[in-house]
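Counting from 861, one number per residue, gives the positions in the sequence shown under my numbering.
Glycine residues also receive a C-beta, built at the ideal position from the N, C-alpha and C atoms.
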Amino acid sequence: MYEDGEVFIGFQVETSNLLQQLASITKKKLEVISIVGMAGLGKTTLATKLYNDPYVTSYFYVRAWVTCSQVYCKRDILLVILRFFSTLCQPLPRPMHKTHARLQMTLK
Numbered sequence: 861m862y863e864d865g866e867v868f869i870g871f872q873v874e875t876s877n878l879l880q881q882l883a884s885i886t887k888k889k890l891e892v893i894s895i896v897g898m899a900g901l902g903k904t905t906l907a908t909k910l911y912n913d914p915y916v917t918s919y920f921y922v923r924a925w926v927t928c929s930q931v932y933c934k935r936d937i938l939l940v941i942l943r944f945f946s947t948l949c950q951p952l953p954r955p956m957h958k959t960h961a962r963l964q965m966t967l968k
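Right, dumping it as structure tokens:
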């Protein structure tokens, strides 16, 4: 995995495109940006580089790192993100649309 200070070769165009996508995200229009591809292509390395990019760390007040496998449950991923950003003591909602709505309210 990419560590700060290591040389990162390739993906300049992809990095630039993803940074532009991240810069276009507003509070009114929350988005998920997925990086997908075959194993060993450098997806995690690219994501780590973007996650730690000085522009990204200064532009976004909070950030979360979520890892998921090829088989995943959307609700579980939403709950991981919600728990990361929220210190709510109340039980999390069961229906998917309510979990999604709570996450959106927390991120705004």
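For residue 883, the uninterrupted alpha helix (DSSP H) segment begins and ends at 872–883. It is roughly 11 Å from the alpha-carbon of residue 877 to the alpha-carbon of residue 893.
Between the region 905–920 and the region 931–940 there are fewer than three inter-stretch CB-CB distances shorter than 8 Å, so the stretches are not counted as touching.
Going by DSSP, residue 911 is part of the alpha helix (DSSP H) stretching over 903–911. DSSP places residue 888 outside both helix and strand once states are collapsed to three, so it counts as coil.
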